[in-house]
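Residue numbers (this note's numbering), protein chains in the order written: chain A, 1 to 279; chain B, 280 to 360; chain C, 361 to 612. Yeah, the Cβ is synthetic: ideal placement off N, Cα and C, and Gly gets one too. Predicted model, so just to flag it, every value in this text is computed and none were measured. Have a look at the structure below, then the notes.
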Amino acid sequence: MISAAGIGLRSPHLAEIEIDRPAAGFLEIHAENYLASSPALAAVERLRADYAFSVHAVGLSLGSCDGLDEEHLARVAALVKRLEPALVSDHLSWSTFGGRYFNDLLPLPYSEEALAVVVDNVQRLQDALGRRVAVENPSCYLGFAQSTLSEPAFLSELARRSGCALLLDVNNIAVTAHNLRLEARDWLSLPGEAIVQYHLAGHAVNDADGEPILIDDHGSRVKDGVWALFGDVVRRFGPRPTLIEWDTDLPALDVLLDEAARADRITSTAGGLHAARAA
Amino acid sequence: MTTTRIAIASALAAALVLPAAAQAQGNMEKCYGVAKAGKNDCQTAHSSCAGTSKKDQQADAWISVPKGVCEKLVGGKLSTG
Amino acid sequence: MPLALPDLQAAFAAHLAGADRPDLAAGVLGDAIPSAARLRVYRHHVQESLASALAATFPTVQAVVGSDFFRALARAFVAENLPRQPVLAEYGEDFPAFVAGYEPARGLPYLADVARLDWALNAAFHASTDERLAAADLAALPADRLLSLRLVLASGTALVSSAHPLDRIWAASQPGAPEGTVDLDAAGAHLLVLRRPDDAAFVVLSPPEARFVDGIALGKTLEEAAAWVDGEFDLTAGFARLLNLGAFAALQ
């Protein structure tokens with residue numbers, strides 16, 4: 001099944017995956033953890049024979065007004081050349097300013113000014129890699145008064161102008177929609193033909209001055225509401241390779257594989273409905 | 280060559296032809312290994328423990344007393360002070 | 361008038377570093393969750409996630425002082441030293457120097473050396489395993505060539521010298537270390553950190569071996585480095601040991 005779900009490869013699971021080679025649609029790694037030579041990179045190179053890989057960058061800072069860090073870009077490009085992954089992606093966000101890296105996916109105002117910056121940076125990235133990349137919708141904890149576009153409209157326009165693909169993180173939709181009082185179904189207006197991968201993860205519910213705020217901590221199983229939204233997404237856009245992400249309080253590998261199997265079951269049911277409707 | 284040069288040259292050359300037994304011993308010498316689990320991995324996840332409390336968790340807010348293995352490290356001029 | 365993107369990112373960056381930026385907050389939508397609380401989610405994440413990254417890179421420092429004290433130390437460092445690039449495994453080079461000057465740790469004079477060792481091990485773990493120099497590579501060289509050779513330390517190889525018994529402090533700080541105390545009045549230690557095929561490691565060098573390695577690291581020829589060592593030094597055994605450990609890079 002082409003859409004068999006994959007899992008994020010996290011270093012505590014590396015040895016077990018190397019020994020057991022569990023069935024998984026693909027493995028995802030964060031580019032920034034494999035830029036230096038290390039025993040972990042050697043293990044990934046060995047695993048390439050058995051798994052398709054997805055390289056998910058977290059630090060390219062596609063929304064930086066001062067452009068991409070060429071040194072970092074060159075290192076990511078070298079890794080991509082070395083691993084020849086099925087997909088390369090990063091986020092609709094920024095994380096670098098004035099030579100400082102903030103280790104966070106920071107929000108952008110959705111304006112024409114920001115759109116021009118992101119289009120330029122994505123094009124620079126695609127030129128450097130010699131391939132199309134996917135840009136992911138982020139989890140947002142705030143919105144800017146100056147935004148003139150919705151996030152889906154911004155992403156649609158970004159894909160149209162830069163030719164990039166889109167990575168739809170279903171949990172991020174739920175988190176952003178809740179925190180910014182938006183409707184999750186607004187994201188169903190995205191151009192489906194540009195979407196090349198789905199992400200799923202758990203989130204936490206925290207307290208912000210007495211009000212619940214959802215935090216994208218990748219620290220639990222996918223929430224029921226997000227599974228339901230995933231069903232809507234697959235019915236709307238069809239099956240895509242789907243990733244289970246887990247970073248905080250990483251559980252046993254079997255838990256990740258169990259979540260991936262659940263994603264496959266939904267893909268199979270909802271994907272069938274999508275195909276029937278398209279026919 | 281001076282005597283010192285000759286001495287150094289022969290000592291270095293001798294190291295290159297040291298019997299295999301002596302070298303094998305070298306392989307078994309006491310090594311303190313560290314197989315890191317990569318906990319300094321970059322992530323896309325947001326830390327939920329940080330919360331949104333109004334008080335920044337800055338270092339100057341409070342300074343705790345070291346409470347770790349240092350309690351097993353005894354002696355020394357400054358450490359008891 | 362909304363902030364232009366460069367001004368907005370500059371203001372956001374200042375906010376993350378701890379500054380109060382009403383101009384930024386004014387452009388953030390707030391409701392039951394006020395804009396200030398929304399902005400704090402990001403500031404706290406930056407501080408906490410970077411402190412966690414330091415804890416992973418400096419596990420021995422954390423074991424020595426405990427997690428509460430380490431957290432305070434790490435936050436103080438992060439506040440003044442944000443990363444300059446996105447690879448967290450490469451963040452913290454300046455941490456040992458910061459520890460050395462950190463007033464609350466003044467009673468632990470060995471702590472900065474522990475940080476230097478953690479950093480060297482972390483750097484070795486992420487160093488390349490490219491070709492090491494073997495004894496056989498030098499066997500055919502004439503004596504004068506051998507004497508004038510300037511060797512280069514292999515990727516990840518680093519000498520960490522301390523006036524404190526750093527090897528014993530490190531061993532006592534490992535998970536599952538046996539009970540018992542470490543005498544801080546014991547002699548100092550010279551540790552050679554190495555990248556091995558599957559991990560990073562260190563060995564204890566004798567003072568003359570350490571001086572020999574130091575000479576080579578400073579760019580001296582083998583003859584100069586050997587002559588630089590004062591006191592009793594079994595050059596044959598020492599050089600053979602270092603070659604056997606893979607301490608030197610293959611000849612270019």
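**Q.** Any C-beta of chain A under 9 Å from that of C321(B)
**A.** Mapped onto the second sequence, residue 321(B) falls at position 42. Yes, contact with chain A.
**Q.** Cα-Cα separation, E539(C) to G598(C)
**A.** Counting from 1 along the third sequence, the entry for residue 539(C) is found at position 179. Counting from 1 along the third sequence, the entry for residue 598(C) is found at position 238. Roughly 33 Å between the two C-alpha positions.
Q | 6 Å CB neighbourhood of A281(A) in its chain, flanking five on each side removed | A | What the structure shows of chain A is the stretch from 1 to 279, and residue 281(A) is not part of that stretch, so it cannot be assessed.
Q: Could you pull out every unbroken alpha helix (DSSP H) segment of at least 4 residues lying fully inside the region 379-459 of chain C, listed in chain order?
A: 382-386, 395-417, 419-425, 427-440
Q.
Just to make sure I have the definition right: I need the residues of chain D whose C-beta is within less than 7 Å of the C-beta of H13(A). Which are they?
A. In summary, chain D is missing from the structure at hand, where the protein chains are A, B and C.
Q) Between the beta-carbon of G390(C) and the beta-carbon of L363(C), is there less than 9 Å? A) Position 30 of the third sequence, counted from the first residue, corresponds to residue 390(C). Position 3 of the third sequence, counted from the first residue, corresponds to residue 363(C). No, the pair does not count as a contact, with Cβ atoms beyond the cut-off.
Q: Answer yes or no: does any C-beta atom of chain C fall closer than 9 Å to that of T282(B)?
A: Your numbering for residue 282(B) matches position 3 in the second sequence. Judged by the 9 Å Cβ criterion, T282(B) is not in contact with chain C.
Q) Considering only residues of the same chain and omitting the five flanking positions on each side of P456(C), which have a CB-CB separation below 7 Å? A) For this step, residue 456(C) is matched to residue 96 along the third sequence. Same-chain partners within the cutoff: A472, A475, R476, W479.
Q: Just grab the DSSP bridge partners of F562(C) for me.
A: Counted from its first residue, the third sequence places residue 562(C) at position 202. Note: F562(C) sits in a beta bridge opposite Y311(B), V553(C).
Q.
At a CB distance below 9 Å, what residues from the region 371-396 of chain C approach chain A? Give them in sequence order.
A. F372, A373, L376, A377, A386, G387, V388, L389, G390, D391, A392, I393, P394, S395, A396
Q) Along the region 23-34 of chain A, what residues have a CB closer than 9 Å to any CB found in chain B? A) H30, A31, E32, N33
Q) L168(A) and Y141(A): beta carbons closer than 9 Å? A) The count along the first sequence starts at 1 and reaches residue 168(A) at position 168. The count along the first sequence starts at 1 and reaches residue 141(A) at position 141. Not a contact, by the Cβ cut-off of 9 Å.
(Q) Below 9 Å on C-beta distance, what does V512(C) contact in chain A? (A) For the purposes of this step, residue 512(C) is identified with residue 152 of the third sequence, where counting begins at 1. Within chain A, no residue comes near V512(C); the closest Cβ sits about 17 Å away, beyond 9 Å.
**Q.** Short Cβ contact (9 Å threshold) for V44(A) with V76(A)
**A.** In the first sequence, residue 44(A) corresponds to position 44, counting from 1. In the first sequence, residue 76(A) corresponds to position 76, counting from 1. Not in contact: V44(A) and V76(A) (Cβ atoms no closer than 9 Å).
Q: Output the distance between the C-alpha atoms of V205(A) and S139(A), rounded to the nearest integer angstrom.
A: As a first step, residue 205(A) must be located in the first sequence, where it is residue number 205. As a first step, residue 139(A) must be located in the first sequence, where it is residue number 139. Near 13 Å, if we compare the C-alpha coordinates of S139(A) and V205(A).
Q: Note the first and the last residue of the continuous beta strand (DSSP E) segment covering Q362(A).
A: Any property of residue 362(A) remains undetermined from this structure, which presents chain A solely from 1 to 279.
Q | Amino acids of chain B, ordered along the chain, whose beta-carbon sits closer than 7 Å to that of V424(C) | A | Here residue 424(C) is taken as the residue at index 64 of the third sequence, counted from 1. Neighbours of V424(C) on chain B, chain order: G347, V348, C349.
(Q) Less than 9 Å between CB atoms is the rule here; does H550(C) satisfy it with respect to chain B? (A) Within the third sequence, the letter at position 190 stands for residue 550(C). So, not an interface residue.
Q: Rank L468(C), R466(C), A434(C) by C-alpha distance to the C-alpha of E453(C) and give the top, closest one.
A: Against the third sequence, residue 453(C) aligns to sequence position 93. Out of L468(C), R466(C), A434(C), A434(C) has the C-alpha closest to the C-alpha of E453(C).
Q | When F437(C), D543(C), L554(C) are compared against Y470(C), the one with the closest alpha-carbon | A | Reading the third sequence from its first residue, position 110 is the one you call residue 470(C). Answer by Cα proximity: D543(C).
Q: Spell out whether any CB of chain B is found under 9 Å from the CB atom of G59(A).
A: Counting from 1 along the first sequence, the entry for residue 59(A) is found at position 59. Yes, contact with chain B.
Q) How about F282(A) and P107(A): do their beta carbons lie closer than 9 Å? A) Residue 282(A) cannot be examined here, being either before or after the span of chain A that is shown, 1 to 279.
Q: List in chain order: all unbroken beta strand (DSSP E) runs of 3+ residues lying wholly within the region 221-248 of chain A.
A: 242-244
**Q.** For D186(A), the three-state DSSP class (helix, strand or coil)
**A.** Translated into the one-based positions of the first sequence, residue 186(A) becomes position 186. Helix, per DSSP.
Q: Would you list, in chain order, the members of the region 425-440 of chain C that have their beta-carbon closer than 7 Å to a beta-carbon of chain A?
A: none
Q | Residues within the region 485-514 of chain C neighbouring chain A, beta-carbon criterion of under 7 Å | A | F485, H486, A487, S488, T489
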